[in-house]
Structure formats: C-alpha cells, structure tokens
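Visitor: This structure is in structure tokens; I'll ask about it shortly.
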Amino acid sequence: MSSLLSDQLATELRTINAMVHIYCRAHHSISDELCDECKSLVAYAETRLDRCPYGQQKPACRHCPIHCYKAEPKAQVQTIMRYSGPRMLLRHPLLAIRHLLNERKPFPEKPPVNVSNRYLRQQATKSSPTETQ
C-alpha cells in the first residue's frame, strides 16, 4: 500500500484506509474504488503519519498532544471513524481490535527527537553511498 511507511505506521494507514473504504462505499461511490475526495483524505493521512514526530511509538491521534491534522480533514476523519468504527469489527476485526488496543497504550508526553519516519528515511538516503557512472 505505502512505500513510505512500515511497522506500526503502516498498520495505522491500513486501518484508516479500511475505515475510509467502508465510509466511501456507503456514502459516495458504487464501486469498490474510493472517490477522489476519499483518495485525497487517505493520501493526507499517509503524509501526516509519515511526518508524525512520535515515529513508530505513535499514540492514538485522539490522545496525542500534537494535533497534526488541519480542521477540515480532522472533521472528515472523525465523521468517518464514527460511521466506520462499529462496522470495522465485522469487516476487519483484527485491525479494529489492534486500533482499540493502541488507544490504551501509554506513550511519552514529549516526542523523542528525530524519530519521525520521514526524518529517518531522509537520513538513510543521505548516509547511503550514491553510485555515479
């Protein structure tokens, strides 16, 4: 799904994507594909996850002291989660249970320095030798 994210962040994106699919199928589209509005919301969520200052130790967004989402996408995600949350237990039970457990997980009050997925990816590309021909 995403070449940018791995581990916990990739699971979080899969969960968001599943919720958006459930919502979009019921409210926007007839097919299994997402409408343009929902596609852009999933892309926005992927960017926010990539740049999360907590990195792989990311808390549930509801409990996070840092609010990454702008007001409009945040309201859209809240609406989608209210609708899709109960339906996730039937359609994607493992993702739903994992999401509920993640909300109970403790997290550091202050994010560690330089652990965002984007920062680590940029550091890896800087340190890897580039081939010239």
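All residue numbers for the sequence shown refer to full-length UniProt numbering, where the first residue is 1 and numbers rise by one.
Don't be surprised by glycine CBs; every beta carbon is placed ideally from N, CA and C.
#1: In whole angstroms, what separates the C-alpha of A96 from that of T15?
#2: What are the start and end residues of the alpha helix (DSSP H) that includes Y54?
#3: Would you say H99 faces chain D, with C-beta separation under 7 Å as the test?
#4: Within a Cβ cutoff of 8 Å, which residues of the same chain sit near A18, ignoring the five residues on either side of it in sequence?
#5: So does the stretch 64-77 actually touch the stretch 44-52, counting three or more Cβ pairs closer than 8 Å?
#6: Just the Cα atoms here: how many angstroms apart are H99 and S40?
#7: So, at 8 Å on beta carbons, what are the nonlocal neighbours of C35 in its own chain, with the 5 sequence-adjacent residues on each side left out?
Guide: Working from what's here:
#1: 7 Å
#2: From DSSP, Y54 is part of no alpha helix (DSSP H); its letter is neither H nor E.
#3: The question asks about chain D, but that chain is absent: this structure has only one protein chain.
#4: S84, M88, R91, H92 and L95
#5: yes
#6: 22 Å
#7: C24, H28 and S29
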